[in-house]
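Chains as they are written, first to last, in the UniProt record's numbering: chain U, 1 to 255; chain R, 1 to 255; chain B, 1 to 408; chain E, 1 to 408. Built from N, CA and C at the ideal position, the CB exists for glycine as well. All values derive from a computational prediction rather than experimental measurement.
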Amino acid sequence: MTLEQELRTKLAEKNILLMTHLVVGYPSLAVNREVIGQMVAAGVDIIELQIPFSEPVADGPVILKANQEAIDAGIRVRECLEFAAEMATTHPIPFLFMTYYNILFKYGVESFLEKTRAAGLQGLIIPDLPPEEGEEYLAGCRRLDLAPIQIFAPTSSSERMRYLASQGAGFIYCVARRGVTGAQTSFDREFDHYIQRCRQATDLPLAVGFGISSAQDVAMLKGRAEIAVIGSATIRLVEERGPAAVGPFIAGLRP
Amino acid sequence: MTLEQELRTKLAEKNILLMTHLVVGYPSLAVNREVIGQMVAAGVDIIELQIPFSEPVADGPVILKANQEAIDAGIRVRECLEFAAEMATTHPIPFLFMTYYNILFKYGVESFLEKTRAAGLQGLIIPDLPPEEGEEYLAGCRRLDLAPIQIFAPTSSSERMRYLASQGAGFIYCVARRGVTGAQTSFDREFDHYIQRCRQATDLPLAVGFGISSAQDVAMLKGRAEIAVIGSATIRLVEERGPAAVGPFIAGLRP
Amino acid sequence: MKQGYYGDWGGAFVPEILHETFRQLSEVFAAAKRDPAFWREYVELMGSYSCRPTPLTRAENLSRRFGGARIYIKREDLNHTGAHKANNVVGQGLLVRRMGKKRVIAETGAGQHGVATATMAAKFGFECTIYMGAEDVQRQRPNVFWMEKLGAKVVPVTSGSQTLKDAINEAFRDWVANMDSTHYVMGTVCGPHPFPEIVAWFQRIIGEEVRGQILASHGKLPSRVYACVGGGSNAMGIFQGFLADPQVELVGVEAGGKGLESGQHASRLAGNDASPGVAQGYKTMFLQDEDGQMRDTHSVAAGLDYIGVSPMITDLWQQGRVRMTAATDAEVMEALDLTIRQEGIIPALESAHAFVQAFKEAGTLPASEAIIINQSGRGDKDIFTIAHAFNDPSWREFIRAKGQEYDA
Amino acid sequence: MKQGYYGDWGGAFVPEILHETFRQLSEVFAAAKRDPAFWREYVELMGSYSCRPTPLTRAENLSRRFGGARIYIKREDLNHTGAHKANNVVGQGLLVRRMGKKRVIAETGAGQHGVATATMAAKFGFECTIYMGAEDVQRQRPNVFWMEKLGAKVVPVTSGSQTLKDAINEAFRDWVANMDSTHYVMGTVCGPHPFPEIVAWFQRIIGEEVRGQILASHGKLPSRVYACVGGGSNAMGIFQGFLADPQVELVGVEAGGKGLESGQHASRLAGNDASPGVAQGYKTMFLQDEDGQMRDTHSVAAGLDYIGVSPMITDLWQQGRVRMTAATDAEVMEALDLTIRQEGIIPALESAHAFVQAFKEAGTLPASEAIIINQSGRGDKDIFTIAHAFNDPSWREFIRAKGQEYDA
Ligand SMILES: Cc1ncc(COP(=O)(O)O)c(C=O)c1O
Ligand SMILES: Cc1ncc(COP(=O)(O)O)c(C=O)c1O
């Protein structure tokens, strides 16, 4: 079953899916384990595992700091792969890698994708790899049945969206607004128009990220997108109130 | 009797004359008075009274400092004139003013020279006033019978010396060497040659200054020059050992 | 070859949200390149606002001292704001005006590019924000002071190593949010396409001038041309005057820091510590670990203290067209001292790297030959660093006394 | 008129021991003036070592702001070493070479002329000693540091007010002892004849260039030309381009310090506190008391903080050819701030005086007219003074922290 099919199946049961995110190794693999356990138990549908990179240009302050501290604490790419394999084996939901291209490039794109597949992950999100630069990556994903998640932005033209969609699989990650991860998004008329354009450009499910942190935000997305992405919010929560707070928080998002 | 005649008269008795120097108002008029008393009693033949100026370019560190401290202590040109008059009246030897041209210029050259004459002084030494710039001054001196002492330097050509001599009266002040006041001069072959050139350029008595501070120095000048000039040496002496040391010092110079 | 690539290097690894911005930038730049009036306006502005053409100085005393080739110095230090950085920022300023944007942002390490950008922004009437590693803000306070007086907002970047690369990341983060109003004035021939091309295009003014100047002065082409390589903009600027002349050897000099073996340097190409990578939007040789995490770099010259290097330089190096070497901090201080004393010229610490290598080689060339050193900037802005590096006791005393004055 | 006089002013009031030295200097200078190759060599050197011709910059933003005449700025700040001082010292360097002397000395106040002279000495291979008031050595440590790195000996002068005038006296004292080997590089159009003539002759390069530049840019002569006046060399330099054009009004700007009424200023001609005098070898208007003792002067700009003024300027002022005005410290800081922010140009504190007066008058002139401000130097060297004067808290903190670092 492809990632898209799996999501469609879930969507038959729920009117919106939740995708959560965490930075591997931040604050530690042990806490990651606990947080993921809470997420899965609270009904999360997909999890992005971010492999830390020293230059995370597309990320805002919360995730940036998490990347750095994980690296400073000594996390290695090899450990991330092992940890991802462990999670994918343990939990019955799709896992994705999120990272920057240099992590793949330096590892060897082919080998990295093979490891990803072997770990049981279903796709990857690489925000600094436009399809024009990703031939090897896209080919590898196709070959290995991994979903190379493509990203739409409000600044993308409709033509561009169609091109991106043609290169992607699984779902489309729709960046809700200008700016980096972690800040609030307002769901206004302009946003609606943007989502309409996304919808017209692709048949893939749409995930909307950037700044989603409450049941209200998630409710706003219902009927507009298929997947609500919760990124910085859980990292902040773990920092402030510990991993045990994650389950109730997630459960509360989709009451 | 002109200054030159007066000197010639003295030279009939002594084979070398002594000219001493002090800065009016340094350290105070009272000390000046005592020092001059000691000098005259010890047989000094001429005294230069330097009116302090804030920019004494031709003077070395000792006299420079004396100029400044006198000004800082509040000495005024008017007081210098009064003090000079008092000295010239009290003591039976010739007094000269030494100062820089701005003091005369600012006072009014004519009036200054008249005051100088009225005070009973016999001439002036103005080291920054070459004859080319001193028309008014030279004319005033001639009119008032004041000796505008001219200066020779080792760098003066013989032709230049003759020109300078033609503008001067009283005696010629021969700068012994390159440099400012206060440092030692060596009386070598070059010096002898210089003095010979001075002698050939003028019939006026020759005074030699710059760095003379011992009986030995004075003895070296005998037969070469008519006047030995003692400048910084007495200022230093007063600073170190007080005014009372001046008499014995002067007396010892010409044993 | 793929667009924006120089051999295997370059590209445009940008988040989708900037795709359109880059498209517009490429378009406006292409139009400007096609328009001869644009280059004329640029040259005119550099002539009336900065001091172009900058002179080519004969270094007679140094030439005599090394007793070989005649040494010439291209004087980019005489540009307005004191470095070749002006060439690039003024050019980009004209592009910004064409795009109708009203705000510029830039990263800066040593502060030179920040001061240059803030200056250009004041001149063109743009709003300006400069990102600068918090550590650099501390080290380069004089430049921060001037940027602020020039009306720029200086944002200290506290992430990562708090230096240049982190300032670049932070500038991208700003851009990603404000691309509609804002242009990111990249400071060197790095970053995603078309930045290397744009910056190199403006910096070629150095090479164009110097080619004519050396022919006029020396009657023939130089045998070697030396330039320091941080990002590579001053080097690409001067090298472009001679790329088509195979008899002219082009020599880049990287920061050897405490020595190539020490690990504390910023030599991407001359040393063996770098490997191919993709970061900050482009592919080149990076100083990174086996996982692809960027390493800390070191140089006495803040402007050379960077993890990556121009894809153009990497390509020319790979082709063998540019020879890459490195100068250590200690060699740099020595060359600086000598140049100041012999020629009355104070190179920037960055530029002094090029002098080191030229001095090593001048004596081995015949007197009939000429070599050119690109003096990318002036060193008097670096007084805090230079006086410190020379360990000048009166300087220490002066700063101590001033500090006490402000303590009171 | 007597030789070396400009109207009632000037002359050569020098001790006899220097008579021959001055004769020789006059002779060598006269020969150089007669020799067209000399001027050519000078212009060539200024073009290849410094950055001449320096540009004439259109200050569009300031022009718009004041809404009157078009403001142009002559960019002497882009000279090597950052000020018009280079024009003079390089010229005198060539004279020294002609005289066969091997050592130069100079006075310096702010340090600009000292740095310029030390630079020239390094370039020409002369020994060099710079006299600088002890107080200025303290205040201008960065310049002292560079002079020393350039190989010069810097002698702190502890006599008098320990500032510029005392440094001049001390330089004379050195010269009087060492005139055979040594040339005294007078820094401005003051001092005994032929110094004013020599310095003005070299500085006229500014006026010659700018006359052609303004005609090319504006199509006609400017209606006014503004220059700050310390000794008067940058002013004489630019004014000489227009002396024969009565329709061009020449405006000199002196240091108004804390106000002309405060007594704490250095306005010889714009104020009423100066009177004719003779000091430091020449006759001019001096700030002196009734006895002829020189007074303490004050200015935020060390280079304007001087008791006398060029006899040439005094004459032109007396003739009504040059209008003299003054700018206060406070006005200067304001004009500096505005110029930096509006044009991205940092004038030296000295130069900023000229900007003050131009700003006061620009709005009263029609838009068809042009005015020129002579920017004699760049202000980034003045950072210690400027940051202090702006009372910048981050700067204080930076210096405090550096001081503590050196305390440890
Ligand atoms: C004076 C100077 N030279 C060189 C450089 C290095 O940059 P690039 O290699 O792009 O010329 C810098 C960077 O700040 C600089 O300020
Ligand atoms: C930048 C600058 N401008 C002006 C002056 C004043 O001198 P002048 O009046 O001779 O130009 C100085 C003197 O140091 C200076 O450094």
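- Using 7 Å as the cut-off, classify the Cβ of Val-189/E as near or not near the heavy atoms of ligand 4, replying yes or no. This structure does not include ligand 4; its bound ligands are ligand 1 and ligand 2.
- Can the beta-carbon of Pro-130/R be found closer than 8 Å to that of His-298/E? For the purposes of this step, residue 130/R is identified with residue 130 of the second sequence, where counting begins at 1. For the purposes of this step, residue 298/E is identified with residue 298 of the fourth sequence, where counting begins at 1. In this structure, His-298/E does not lie closer than 8 Å to Pro-130/R by Cβ.
- Item | In DSSP terms, what Ile-71/B is bridged to | Reading the third sequence from its first residue, position 71 is the one you call residue 71/B. Note: Ile-71/B sits in a beta bridge opposite Ile-371/B.
- Message: Could you tell me the alpha carbon to alpha carbon distance between Gln-38/U and Val-90/B, rounded to whole angstroms?
- Response: Walking along the first sequence from the start, residue 38/U turns up at place 38. Walking along the third sequence from the start, residue 90/B turns up at place 90. Rounded to the nearest angstrom, the two C-alpha atoms are 55 Å apart.
- Query: Who are Ser-223/E's beta bridge partners in DSSP?
  - Reply: Counting from one through the fourth sequence, the residue named residue 223/E turns up at place 223. None; Ser-223/E has no bridge partner.
- Message: Looking at the secondary structure, which residues open and close the alpha helix (DSSP H) in which Met-324/E lies?
- Response: Locating residue 324/E in the fourth sequence gives position 324, where the first residue counts as 1. Per DSSP, Met-324/E belongs to no alpha helix (DSSP H); it is in the beta strand (DSSP E), 322-328.
- Query: Between Gly-379/E and Ala-83/E, is the Cβ-Cβ spacing less than 8 Å?
  - Reply: Taking the first residue of the fourth sequence as position 1, residue 379/E is located at position 379. Taking the first residue of the fourth sequence as position 1, residue 83/E is located at position 83. Not in contact: Gly-379/E and Ala-83/E (Cβ atoms no closer than 8 Å).
- Query: Do Ile-149/U and Thr-20/U have their C-beta atoms closer together than 8 Å?
  - Reply: Your numbering for residue 149/U matches position 149 in the first sequence. Your numbering for residue 20/U matches position 20 in the first sequence. No, the Cβ-Cβ distance between Ile-149/U and Thr-20/U is not below 8 Å.
- Item | Beta-carbon proximity check, Ile-130/E vs Thr-163/E, cutoff 8 Å | Within the fourth sequence, numbered from 1, the residue matching residue 130/E stands at position 130. Within the fourth sequence, numbered from 1, the residue matching residue 163/E stands at position 163. It is not a contact, given that the beta carbons lie outside the stated cut-off.
- Task: Check each residue of the segment 32-61 of chain B: if its Cβ is closer than 8 Å to any Cβ of chain E, include it; give the result in chain order.
- Result: Gly-47, Ser-48, Tyr-49, Ser-50, Cys-51, Thr-54, Pro-55, Leu-56, Thr-57, Arg-58, Asn-61
- Query: Where Asp-136/E and Ala-301/E are concerned, what is the direct C-alpha to C-alpha distance, given to the nearest angstrom?
  - Reply: On the fourth sequence, position 136 is the one that residue 136/E refers to. On the fourth sequence, position 301 is the one that residue 301/E refers to. Going by the C-alpha atoms only, they are around 12 Å apart.
- Item | For Val-104/E: DSSP bridge partner residues | Here residue 104/E refers to the residue found at position 104 of the fourth sequence. According to DSSP, Val-104/E bridges with Cys-128/E, His-183/E.
- Report yes if the C-beta distance between Asp-128/R and Tyr-100/R is below 8 Å; otherwise report no. Mapped onto the second sequence, residue 128/R falls at position 128. Mapped onto the second sequence, residue 100/R falls at position 100. The answer is yes: Cβ separation under 8 Å.
- When Gly-344/B, Pro-142/B, Ile-346/B are compared against Lys-402/E, the one with the closest alpha-carbon: Position 402 of the fourth sequence, counting from 1, holds the residue named residue 402/E. The closest CA to that of Lys-402/E, considering only Gly-344/B, Pro-142/B, Ile-346/B, is found on Pro-142/B.
- Item | chain E contacts from the segment 118-129 of chain B (Cβ-Cβ distance under 7 Å) | Going along the segment 118-129 of chain B in chain order, one finds Thr-119, Met-120, Ala-122, Lys-123, Gly-125 with a Cβ nearer than 7 Å to chain E.
- So, helix, strand or coil for Val-44/U, using DSSP? For the purposes of this step, residue 44/U is taken as residue 44 along the first sequence, with counting starting at 1. Note: Val-44/U maps to coil in three-state DSSP.
- Chain-ordered chain B contacts of Ile-103/U [CB-CB under 8 Å]: For the purposes of this step, residue 103/U is taken as the residue at position 103 of the first sequence. Ordered by position in chain B, the residues that pass the 8 Å Cβ test against Ile-103/U are Asp-291, Gly-292.
- Message: With a threshold of 6 Å on Cβ separation, who are the neighbours of Asp-245/B within its own chain once the five nearest residues in sequence on each side are excluded?
- Response: Locating residue 245/B in the third sequence gives position 245, where the first residue counts as 1. These residues qualify, in order along the chain: Leu-221.
- So, helix, strand or coil for Ala-201/R, using DSSP? Taking the first residue of the second sequence as position 1, residue 201/R is located at position 201. Helix, per DSSP.
- Note down, in chain order, all residues in the segment 277-288 of chain E with a beta-carbon under 9 Å from any beta-carbon belonging to chain R. So the close ones are Gly-277, Val-278, Ala-279, Gln-280, Gly-281, Lys-283, Phe-286, Gln-288.
- Answer with yes or no whether the minimum CB distance from Lys-10/R to chain E is below 8 Å. Taking the first residue of the second sequence as 1, we reach residue 10/R at position 10. So no, Lys-10/R is outside the interface.
- Which residues of chain E have a Cβ atom closer than 7 Å to the Cβ of Phe-398/B, listed in chain order? As a first step, residue 398/B is located in the third sequence; it is residue number 398 there, counting from the start. Going along chain E in sequence order, the residues near Phe-398/B (Cβ under 7 Å) are Arg-141.
- Query: Would the beta-carbon of Arg-178/U fall within 8 Å of that of Met-179/B?
  - Reply: Within the first sequence, the letter at position 178 stands for residue 178/U. Within the third sequence, the letter at position 179 stands for residue 179/B. In this structure, Arg-178/U sits near Met-179/B, with a CB-CB distance shorter than 8 Å.
- Item | Contact residues within the segment 369-381 of chain B, judged by C-beta distance below 8 Å to chain E | Asp-380, Lys-381
- From Phe-242/E to Gly-160/E, what does the alpha carbon distance come to, in whole angstroms? Numbered from its first residue, the fourth sequence carries residue 242/E at position 242. Numbered from its first residue, the fourth sequence carries residue 160/E at position 160. Answer to the nearest angstrom: the Cα atoms are 38 Å apart.
- Message: So Gln-404/E contacts chain B; which residues on that side make the cut at Cβ distance below 9 Å?
- Response: Here residue 404/E refers to the residue found at position 404 of the fourth sequence. Residues of chain B passing the Cβ test: Arg-400, Gly-403, Asp-407.
- Task: Please list the segments of the beta strand (DSSP E) lying wholly inside the segment 1-59 of chain B, counting only runs of 3 or more residues, in order along the chain.
- Result: Segments of the beta strand (DSSP E) lying fully in the segment 1-59 of chain B: 56-58.
- Query: If we cut at 8 Å on Cβ distances, does Met-333/E have a partner in chain R?
  - Reply: Position 333 of the fourth sequence, counted from the first residue, corresponds to residue 333/E. With 8 Å as the cut-off, Met-333/E does not count as an interface residue toward chain R.
- Message: Quick check on Phe-171/U: does DSSP put it in helix, strand or coil?
- Response: By one-based count along the first sequence, residue 171/U stands at place 171. Reduced to three states, the DSSP call for Phe-171/U is coil.
- Message: Do Gly-151/E and Met-132/E have their beta-carbon atoms positioned less than 8 Å apart in this structure?
- Response: Taking the first residue of the fourth sequence as 1, we reach residue 132/E at position 132. Taking the first residue of the fourth sequence as 1, we reach residue 151/E at position 151. Taking 8 Å as the Cβ cut-off, Met-132/E and Gly-151/E do not qualify as a contacting pair.
- Proximity to Gly-134/U [Cα-Cα], best of Glu-16/B, Gly-271/B, Thr-339/B: Residue 134/U sits at position 134 when you count from the first residue of the first sequence. The candidate whose alpha carbon is nearest that of Gly-134/U is Glu-16/B.
- Go through its chain and collect everything with a Cβ distance to Ala-233/R's Cβ below 6 Å, but skip five positions before and after it. The residue you call residue 233/R lines up with position 233 of the second sequence. Around Ala-233/R: Ser-213.
- Proximity below 8 Å, CB of Glu-343/E to CB of Leu-94/E: For this step, residue 343/E is matched to residue 343 along the fourth sequence. For this step, residue 94/E is matched to residue 94 along the fourth sequence. Going by beta carbons, Glu-343/E and Leu-94/E fall outside the 8 Å limit.
- Check whether the Cβ atoms of Arg-323/E and Val-251/E sit closer than 8 Å, and answer yes or no. Here residue 323/E corresponds to residue number 323 of the fourth sequence, with the count starting at 1. Here residue 251/E corresponds to residue number 251 of the fourth sequence, with the count starting at 1. The beta carbons of Arg-323/E and Val-251/E sit closer together than 8 Å.
- Task: Give a yes or no on whether 8 Å exceeds the smallest Cβ distance from Ala-30/E to chain R.
- Result: On the fourth sequence, position 30 is the one that residue 30/E refers to. For Ala-30/E, the answer is no, since every Cβ of chain R falls outside 8 Å of its Cβ.
- When you compare only the Cα positions, how much space is there between Glu-369/B and Gly-68/B? Numbered from its first residue, the third sequence carries residue 369/B at position 369. Numbered from its first residue, the third sequence carries residue 68/B at position 68. The C-alpha of Glu-369/B lies about 8 Å from the C-alpha of Gly-68/B.
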